[in-house]
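Everything below concerns the one structure shown next.
Protein chains in written order, with our numbering: chain A, 1 to 274; chain B, 1001 to 1468.
If you want it as structure tokens, here you go:
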């Protein structure tokens, strides 16, 4: 049951602009990795490239899951293989109820060969499962009847993403700033929820600026990204250092990467709408 | 506001209802339209003189009226169409009496089961005559009339004559005149004072002979304080040559009454669907049109509500889905002819695979209609760059003391929405279907459950049936 997600020499461009310049990362099922780094260093880009966003072009390198090259796969195939990303700003799908959306998603991920129009998870069974997961996450049952991310508050969006993760139970999950825009209580709730659902049950890649999420999810590894590369990898102490002292030491230690980072940020930020 | 993307792409569509049944027509008039044909139709139906005269007069009007100069391109040879075809010699009273090949067609549409579960009264129209009808006994006891219009001419002559052609006169437009000359079948409903029917009355319409025009005529009278919900669903098998469907639907909502008229249609995409639907609503009456248009080559349909007295309400909810080779010119018309009347139009259109959808709507507030309110919302969803959507809102306000709002939006299925759903394991087609179903949810949730399921399935077929 030891799944491996392996990223080798990954170069990614969006609209011709190079953002990732050779990322290497290996994650094992059950591990928790923290991905930190200053703004615009390429953290979200790495997540979106792992998930297969069509605007993010891999120009060099590869992503493999359990030895299978998934670099060219569509997002739905990756999802069915067990990859997941909790987005920073998930998009709204008006008119589609959370429950319907999750029932389709869960069916497809559990039965990767399902063709469109084939049976879904039986309604009764699905409802029961959804209800228990929502209770676990302290979510009101009314939530299942709301339209996907439509008119959700920041906190509701993040909890919906965690609920989705709980229902899909992926092999690997990227959590992109799941703590951003939340107040202290909401961060604590998100943090404990992630720990309960994901910790040691999947491989977690937690992208964060803060250490709150990491309190309940102490990372086995901490990676620092700068200028589109992972420049340093350490343990939990690295996360603590970065939280307490910022990125000055890193910037000085890797001037080339720092220059690349500044160059990336000097132009307009790429549109990372997701 | 309009969006115009040039270029059409011919894309094959799968029509699930593309099956035909061999039917042995009992009587089939020759092709074309003239006095002889109109006389023949009236004679076979054994109609009273007034109806025959009405038909002949309408024929003259039809011949003298020009084709509409707006809407879509109509390429029809009126002399190359069958105007009347009677499939069986008499109407079946029970399912057992209905001929087998006609049953086969209905079986494919799932009518008998549907009836058991949901339908309380069925008027299933096979070509020009109603062949099967039933109505719950208690309705009959309450004085409700639910029959085909041909029968109503014979059995409820005075009642029918009082209202027939009063809401939509033959002179209204060329196709209303055509229908008035050659009409056959359709539903006639009368709900007596104070009677509230709490389940929908339903009818299925179906065209099944090549070059066969279908000209049903529906008249609904909801007497004071009464209420009714009438539902019609239309599916048609695919044929190679042009076919014409031109119905006239008249609704009279008397004081304090309520009527909802729901249509879900999925015509084969060689059919011209040119329908005139109009209701008049008197004091404190509410008329609602719920209109879902899928399929056809060209649909031109603008359900109307004329609010004649204070307190009248008119609501129109319209959805159009235009696929390859299809033009949906659909919309709504609200006329505020009295003070304190309230109107609402919600229009949603979807264009795909080079299809074209247009919203065409008219809101007219007459001079004496102070304190009236009207709100119009049109949303268009365009699924690919080949498709097109236009909006033609006409607003005529002759009284200053009114409130009229209009909002319109045009959106495209975004890459971000697709990616989001695909990142949750949904295929691209499934994600598209889900987005479209979400878009039309405001209409679907107004439908009886059975029709909501049907509507979602039709959308799914539209979404997956083509390469667009």
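Glycine included, every Cβ here is placed at the ideal spot set by N, Cα and C.
Query raised in the report: Looking at C-alpha atoms only, which residue of A:41, A:224 and A:196 is the closest neighbour of residue 217 of chain A?
Result: Sequence index remark: in the first chain, residue 217 of chain A carries index 217 (1-based). Closest by alpha carbon: A:196.
Query - Residue interval of the beta strand (DSSP E) (run including residue 1224 of chain B) - result: Along the second chain, one-based indexing puts residue 1224 of chain B at 224. First-last for residue 1224 of chain B: undefined, no H or E at that position.
Query raised in the report: Would DSSP call residue 247 of chain A helix, strand or coil?
Result: As a working mapping, residue 247 of chain A is identified with position 247 in the first chain. Reduced to three states, the DSSP call for residue 247 of chain A is coil.
**Report entry** Strand pairing of residue 1300 of chain B, partner residues [DSSP]
**Finding:** Along the second chain, one-based indexing puts residue 1300 of chain B at 300. In DSSP, residue 1300 of chain B forms a bridge with B:1274 and B:1329.
**Report entry** Backbone CA spacing between residue 959 of chain B and residue 1152 of chain B [nearest angstrom]
**Finding:** This structure cannot settle anything about residue 959 of chain B, because the visible part of chain B is limited to 1001 through 1468.
Requested in this report: Count the other C-beta atoms from every protein chain shown that fall within 10 angstroms of the C-beta of residue 1122 of chain B, then say buried if there are 16 or more, exposed otherwise.
Outcome: As a working note, residue 1122 of chain B is residue 122 in the second chain. Confidence is the limiting factor: at residue 1122 of chain B the pLDDT is only 47, short of 50, which leaves the residue's position unreliable, though a coordinate-based value still follows. So residue 1122 of chain B ends up on the buried side.
Query - Three-state secondary structure assigned by DSSP to residue 1143 of chain B - result: Taking the first residue of the second chain as position 1, residue 1143 of chain B is located at position 143. Residue 1143 of chain B falls in the coil class under three-state DSSP.
Query raised in the report: Which residues in the same chain have their Cβ closer than 7 Å to the Cβ of residue 5 of chain A, if we skip the five residues on either side of it in sequence?
Result: Taking the first chain and counting its residues from 1, the one referred to as residue 5 of chain A is at position 5. For residue 5 of chain A, where only same-chain residues beyond five positions count, the Cβ hits under 7 Å are 27, 65, 172 and 203.
Query raised in the report: CB residue 1257 of chain B to CB residue 1272 of chain B, shorter than 9 Å?
Result: Start at 1 with the first residue of the second chain, and residue 1257 of chain B comes out as number 257. Start at 1 with the first residue of the second chain, and residue 1272 of chain B comes out as number 272. Going by C-beta atoms, residue 1257 of chain B is not nearer than 9 Å to residue 1272 of chain B.
**Report entry** chain A contact for residue 1154 of chain B (CB, 9 Å cutoff)
**Finding:** As a first step, residue 1154 of chain B must be located in the second chain, where it is residue number 154. No, no contact with chain A.
Requested in this report: Please report the residue range of the alpha helix (DSSP H) in which residue 197 of chain A lies.
Outcome: Position 197 of the first chain, counted from the start, is the residue given in the question as residue 197 of chain A. Per DSSP, residue 197 of chain A belongs to the alpha helix (DSSP H) from 184 to 198.
**Report entry** Whole-angstrom C-beta distance between residue 228 of chain A and residue 323 of chain A, which should lie under 8 Å
**Finding:** What is shown of chain A runs 1 to 274, which leaves residue 323 of chain A out entirely.
**Report entry** Any chain B beta carbon closer than 9 Å to residue 40 of chain A
**Finding:** The residue you call residue 40 of chain A lines up with position 40 of the first chain. No, no contact with chain B.
Query raised in the report: For residue 237 of chain A, does the three-state DSSP call read helix, strand or coil?
Result: Here residue 237 of chain A corresponds to residue number 237 of the first chain, with the count starting at 1. It is helical.
**Report entry** Neighbour flag for residue 1422 of chain B against chain A, beta carbons, 9 Å
**Finding:** In the second chain, counting from the first residue as 1, residue 1422 of chain B sits at position 422. Closer than 9 Å: yes.
Requested in this report: Find the nearest neighbour of residue 72 of chain A within the set A:140, A:62 and A:143, judged by alpha-carbon distance.
Outcome: Here residue 72 of chain A is taken as the residue at index 72 of the first chain, counted from 1. With distances taken between Cα atoms, residue 72 of chain A lies closest to A:62.
Query raised in the report: In three-state DSSP terms, what is residue 1240 of chain B?
Result: As a working mapping, residue 1240 of chain B is identified with position 240 in the second chain. Unreliable placement is indicated for residue 1240 of chain B, whose pLDDT of 46 sits below 50; the coordinate value is still reported in the next sentence. Coil, per DSSP.
Requested in this report: Quick one: residues in its chain with C-beta nearer than 6 Å to the C-beta of residue 1396 of chain B, no 5 flanking neighbours on either side, listed in chain order?
Outcome: Position 396 of the second chain holds residue 1396 of chain B. Same-chain partners within the cutoff: 1364.
Report task. Please name the residue in A:34, A:8 and A:140 whose C-alpha comes closest to that of residue 225 of chain A. Result -> What you label residue 225 of chain A is simply residue 225 of the first chain in a count that begins at 1. Comparing Cα positions, the closest option is A:34.
Query raised in the report: What three-state label does DSSP hand residue 998 of chain B in the structure shown?
Result: No answer is possible for residue 998 of chain B: it lies beyond the span of chain B, which begins at 1001 and ends at 1468.
**Report entry** Neighbour flag for residue 1453 of chain B against chain A, beta carbons, 9 Å
**Finding:** On the second chain, position 453 is the one that residue 1453 of chain B refers to. No, residue 1453 of chain B does not count as interfacial toward chain A.
Query raised in the report: In terms of alpha-carbon separation, which member of A:81, A:85, A:24 and A:55 lies closest to residue 107 of chain A?
Result: Counting from 1 along the first chain, the entry for residue 107 of chain A is found at position 107. Answer by Cα proximity: A:81.
Query raised in the report: Residue range of the beta strand (DSSP E) that residue 1267 of chain B falls in?
Result: Position 267 of the second chain, counted from the start, is the residue given in the question as residue 1267 of chain B. Note, residue 1267 of chain B: beta strand (DSSP E), 1258 to 1267.
Query raised in the report: Where residue 1337 of chain B and residue 1315 of chain B are concerned, what is the direct C-alpha to C-alpha distance, given to the nearest angstrom?
Result: Counted from its first residue, the second chain places residue 1337 of chain B at position 337. Counted from its first residue, the second chain places residue 1315 of chain B at position 315. Residue 1337 of chain B and residue 1315 of chain B have their C-alpha atoms spaced approximately 15 Å apart.
Query raised in the report: Per the contact definition of three or more C-beta pairs closer than 8 Å, is the stretch 1437 to 1446 of chain B in contact with the stretch 161 to 177 of chain A?
Result: In short, these stretches do not touch, since the Cβ pair count stays below three.
Query raised in the report: How many angstroms separate the CA atom of residue 1041 of chain B from the CA atom of residue 1269 of chain B?
Result: For this step, residue 1041 of chain B is matched to residue 41 along the second chain. For this step, residue 1269 of chain B is matched to residue 269 along the second chain. The alpha-carbon atoms of residue 1041 of chain B and residue 1269 of chain B are separated by roughly 28 Å.
**Report entry** Cβ-based neighbour list, residue 1402 of chain B, same chain, cut-off 6 Å, excluding 5 preceding and 5 following
**Finding:** In the second chain, counting from the first residue as 1, residue 1402 of chain B sits at position 402. 1365 and 1372, listed in sequence order.
Query raised in the report: Got a sec: which bits of the stretch 252 to 265 of chain A sit with their beta carbon under 8 Å from any beta carbon on chain B, in order along the chain?
Result: Flagged: no residues at all.
Query raised in the report: Touch check for the stretch 118 to 135 of chain A and the stretch 1453 to 1460 of chain B: three-plus C-beta pairs under 8 Å?
Result: Short answer: they don't touch.
Requested in this report: Check the Cβ-Cβ distances between residue 122 of chain A and every residue of chain B, and say whether any is below 9 Å.
Outcome: Within the first chain, numbered from 1, the residue matching residue 122 of chain A stands at position 122. The Cβ of residue 122 of chain A sits no closer than 9 Å to any Cβ of chain B.
Query raised in the report: Shortest alpha-carbon distance to residue 285 of chain A belongs to which of A:79, A:84 and A:97?
Result: Within the shown structure, residues of chain A are numbered from 1 to 274, placing residue 285 of chain A beyond reach of any answer.
**Report entry** Inter-stretch contact at 8 Å, needing at least 3 Cβ pairs: the stretch 208 to 216 of chain A / the stretch 180 to 200 of chain A
**Finding:** A contact exists between the stretch 208 to 216 of chain A and the stretch 180 to 200 of chain A.
Requested in this report: Could you pull out every unbroken beta strand (DSSP E) segment of at least 3 residues lying fully inside the stretch 1320 to 1385 of chain B, listed in chain order?
Outcome: Taking 3 residues as the minimum length, the beta strand (DSSP E) runs contained wholly in the stretch 1320 to 1385 of chain B are 1327 to 1336, 1342 to 1351, 1356 to 1365 and 1373 to 1382, in order along the chain.
Query raised in the report: Is the CB-CB distance between residue 1078 of chain B and residue 1032 of chain B below 9 Å?
Result: For this step, residue 1078 of chain B is matched to residue 78 along the second chain. For this step, residue 1032 of chain B is matched to residue 32 along the second chain. Taking 9 Å as the Cβ cut-off, residue 1078 of chain B and residue 1032 of chain B qualify as a contacting pair.
**Report entry** chain B within 9 Å of residue 93 of chain A, Cβ atoms only
**Finding:** Against the first chain, residue 93 of chain A aligns to sequence position 93. Chain B, which has a Cβ nearer than 9 Å to the Cβ of residue 93 of chain A, makes this yes.
Query raised in the report: residue 80 of chain A touches chain B at which residues, Cβ-Cβ below 7 Å?
Result: Residue numbering aside, residue 80 of chain A sits at position 80 when the first chain is read from its first letter. Taking a Cβ-Cβ threshold of 7 Å, the residues of chain B close to residue 80 of chain A are 1425, in chain order.
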